[in-house]
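So the structure is just underneath, and the comments pick up after that.
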Amino acid sequence: MRKIIAILTVSFLLVNCKNGKGEVILPSSTGNINRVLVVMKALDWSGKPGDEIRKVFGEHQVGLPQPETLLSVSQIDPSGFSSFIRQNKAVLLFQKADSANISIVKNKYAAPQVIVVATAKNKEEMINLIQTRGKEIIEIFKEADVEFVQNIFNREKLDHNQFPTIKNLGIDITIPNKYRLVQDTLNNFLWMRQHLQNGIARGDGTNNILIYSLPLEDETTIVDNITNVRDSIGEKFIPGSREGMYMITEKAYTPFTYETQIDNKKAYETRGKWEVKNDFMAGPFLNYTIVDKTNNRLIVFEGFTYAPAINKRDLVFELEAIGKSIKIKE
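Counting in the UniProt record's numbering, the sequence shown runs from 1 upward without gaps.
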């Protein structure tokens, strides 16, 4: 009995210990990126509300060679949402209430943590809430994961002043120190590569970063030229194993381009697949083309992954977090 009390006391102190300022120090959250714990009654999860969650969250991420969902979800009954389970990094919590709504609670049981509380008075309202605000909920979790990854990378950040291209372009970017230099043209093109350490692709797979700039000539043609520009960069800088081989945009797959913002500037996000001309290498790419009107130019960040036989969603997500860390110095 004394042993049980001692264990409970230690657990209480660990969860509720305070720093010198009297602030509660929360335990570290658990869970991987792009994964959400859904707190919902088992009957609802096996019924239409659960079906709707799996439909909305299970939409495929564009630009990947194999089908992979936007987010991976698992479920637990509210009665089991206690103890260490509550320390999950991303939680979608369903509760009964008089009105349908969502709210965000941060760092309640652990840090970092995002809990999206979804309220509804019956199943019909619950289903409608998922249908109408599901995309919004996904973006909340995605943005939290980007910040989470960026914070990790910031602790192991390379000194980018050692790379002339980054210095000459006048940008700041968080690149983790697991990346190694492949090529730096000293003024306008940088290629860095991370060799994957885990999984089936270990030793063969890579994540890659390209950074370069272009003059801003006609803003109305930016989207139409993204594929042509990346193909010309591939021909010039990304060779294959033999002469006549170089990286191009995969001909059989049309990339998807969306308008977004990076560093509070207009930008375009393009997701698609790359391949090596006259070869069998291929994989997904993510391109951010940032409109820098102040300097009359485009800043381009591109990440591409080569990882045969393994899922690539989370690898591309890491590239997304790096690309979204760009800051253009004024």
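Cβ atoms here follow ideal geometry from the backbone N, Cα and C, with glycine treated the same way.
Contact between Ile140 and Val114 holds: their C-beta atoms lie close to 7 Å from each other, under 8 Å.
Judged by their CB atoms, Tyr179 and Met192 are nearer to each other than the 8 Å cut-off. Runs of the alpha helix (DSSP H) lying entirely within the segment 42-100, each at least 4 residues long, are 42-45 and 48-57 in chain order. Each residue's CA atom was taken as its position, placing Ile173 and Asp145 some 17 Å apart.
In the structure shown, Ile233 falls within a helical segment according to DSSP collapsed to helix, strand and coil.
In terms of CA proximity to Asn287, Lys273 leads the group Thr132, Lys273, Lys293 and Glu68. By DSSP's assignment, Pro176 forms a beta bridge with Lys157. For Asp184, the secondary structure class from DSSP, reduced to helix, strand or coil, is strand. The Cβ-Cβ distance between Leu214 and Val300 falls below 8 Å.
In this structure, the straight-line span from the alpha carbon of Asn168 to that of Phe153 is close to 23 Å. Counting the other Cβ atoms within 10 Å of the Cβ of Pro67 gives fewer than 16, which makes it exposed.
The three-state secondary structure of Leu169, taken from DSSP, is helix.
Excluding residues up to 5 positions away in sequence, Ala100, Met126 and Leu129 lie with their Cβ nearer than 6 Å to the Cβ of Ala120 in the same chain.
Membership of Val24 in any beta strand (DSSP E) is not indicated, and neither H nor E is assigned to it by DSSP. In the three-state scheme derived from DSSP, where H, G and I count as helix and E and B as strand, Thr254 is classed as coil.
When Gln61, Ile137, Gly244 and Val316 are compared, the shortest CA-CA separation from Phe94 is found for Ile137. DSSP places Phe304 inside the beta strand (DSSP E), whose first and last residues are Arg297 to Tyr306. Ranked by Cα distance from Glu124, the first of Val73, Ile166 and Lys48 is Lys48. Around the CB of Gly244, fewer than 16 other CB atoms lie within 10 Å, so the residue is classed as exposed. For the 8 Å CB-CB criterion, Asn122 and Glu156 do not form a contact.
The Cβ atoms of Asp231 and Ile248 sit closer than 8 Å to each other. Only residues of its own chain outside the window of five on either side were considered, and among them Phe57, Glu59, Gln61 and Ile138 have a CB closer than 7 Å to the CB of Leu70, listed in chain order.
Per the coordinates, the alpha-carbon of Pro239 lies some 30 Å from the alpha-carbon of Asn296. Straight through space, the alpha carbons of Ile322 and Leu158 are spaced by roughly 12 Å. Between Tyr253 and Glu235, the CB-CB gap reaches or exceeds 8 Å. For Gly283, the enclosing beta strand (DSSP E) has its first and last residue at Ala282 to Asp292.
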